[in-house]
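Peer 1:
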Amino acid sequence: SQTIHQWPATLVQPVGSPLSLECTVEGTSNPNLYWYRQAAGRGLQLLFYSVGIGQISSEVPQNLSASRPQDRQFILSSKKLLLSDSGFYLCAWNGGFQETQYFGPGTRLLVL
Amino acid sequence: GENVEQHPSTLSVQEGDSAVIKCTYSDSASNYFPWYKQELGKGPQLIIDIRSNVGEKKDQRIAVTLNKTAKHFSLHITETQPEDSAVYFCAASLKAGGTSYGKLTFGQGTILTVHP
């Protein structure tokens, strides 16, 4: 069966510091991968999605970037965090032309 | 692009009562409508979904109805239990293909509280 992992689970970072969040999927190949941000426990905002290695599409302009160095690895990064980057970051996947997305456990980021 | 509106934003019911959450969507081409349940501090979990060629789908105490003409769909939970308390999200998407790749547009969520 497929499993999706995210780490770290929680992170507290100072403003201006860099960020790297990782997401990996097991038990499938060539998944579509997604990064969402959820503020205040409500509403999921799609940040990036990827349909293959090195292929990244950005949904909204922001302080963040994404990379997909391996088939089942998706990384969310920032060079300098802002206070407004605080939130709950969720990674999701689906297979090929399937519609259903499956979410990871999330990473809670607090920027101070 | 697609826009999904979800109501109510909060819903409080007594244990054993039914709960109904409604969503409307804007893009008549959308044809896949999942519902997710999110417990505090966790990622959303798919609880039921429906495709546009079906008007209703049921799974034990949970059912979803779809009205394509009116572009709205609803989640029905019967015999609610305290463990049903969570945030519920609806979503809509086009069938994956072309450039959509199963991208979902989510509603803003409903906080459901079931009182014992």
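Going down the list, the protein sequences come from chains A and B. Using the working numbering, read the first sequence as starting at 997 and increasing by one per residue. Using the working numbering, read the second sequence as starting at 1316 and increasing by one per residue. The C-beta atom is built at its ideal place from N, Cα and C for all residues, glycine as well.
(1) What are the uninterrupted segments assigned as beta strand (DSSP E) that are 3 or more residues long and contained completely in the stretch 1054 to 1082 of chain A, given in chain order?
(2) Taking only the alpha-carbon atoms, compute the straight-line gap between S1389 (chain B) and A1334 (chain B) and give it to the nearest angstrom.
(3) Measure how close the beta-carbons of G1422 (chain B) and A1401 (chain B) come, nearest whole angstrom, since I'm counting them as under 8 Å.
(4) Three-state secondary structure (DSSP) at D1364 (chain B)?
(5) Should P1065 (chain A) be labelled buried (16 or more other beta-carbon atoms within 10 Å of its own) or exposed?
(6) Buried or exposed for K1075 (chain A), please, with buried defined as at least 16 other CB atoms from any protein chain shown within 10 angstroms of its CB.
(7) What residue does the beta strand (DSSP E) around K1352 (chain B) start on, and which one ends it?
(8) Relative to the C-alpha of F1374 (chain B), which candidate in B:W1350, B:E1320, B:G1424 and B:N1368 has its C-alpha closest?
(9) Which stretch, first to last residue, makes up the beta strand (DSSP E) that contains P1027 (chain A)?
(10) Measuring CA to CA, which of B:H1391, B:P1431 and B:K1383 is closest to D1342 (chain B)?
(11) Given this structure, state the Cα-to-Cα distance separating G1091 (chain A) from W1031 (chain A), to the nearest angstrom.
(12) Could you name the residues of the same chain whose beta carbon sits closer than 6 Å to that of P1101 (chain A), not counting the 5 residues immediately before and after it, in chain order?
(13) Would the C-beta of K1418 (chain B) count as close to the ligand GDP, meaning under 7 Å from any of its heavy atoms?
(14) Please report the distance separating the alpha-carbon of T1428 (chain B) from that of E1354 (chain B).
(15) Using a Cβ cut-off of 8 Å (strictly closer), state whether F1421 (chain B) contacts chain A.
(16) Evaluate contact between the stretch 1318 to 1338 of chain B and the stretch 1362 to 1373 of chain B, counting only Cβ atoms and requiring at least three cross-stretch pairs below 8 Å.
(17) Please report how far the alpha carbon of A1035 (chain A) lies from the alpha carbon of D1067 (chain A), in whole angstroms.
(18) Since A1062 (chain A) and L1072 (chain A) should fall inside the 8 Å C-beta cutoff, what is the C-beta to C-beta distance between them, to a whole number of angstroms?
(19) I'd like to confirm the pairing. Which residues does DSSP put opposite Q1321 (chain B) in its beta bridges?
Peer 2: According to the structure data:
(1) 1061 to 1066 and 1069 to 1074
(2) 10 Å
(3) Contact doesn't hold; Cβ gap of about 14 Å is too wide.
(4) strand
(5) exposed
(6) exposed
(7) Y1347 to Q1353
(8) First, the amino acid is wrong: residue 1374 (chain B) is Asp here, not Phe. Ranking the options by Cα distance to D1374 (chain B), first place goes to B:W1350.
(9) P1027 to A1035
(10) B:K1383
(11) 15 Å
(12) Q1002
(13) As presented, the structure is devoid of all ligands, the ligand GDP included, so that no description of it is given.
(14) 11 Å
(15) yes
(16) no
(17) 28 Å
(18) 5 Å
(19) B:C1338
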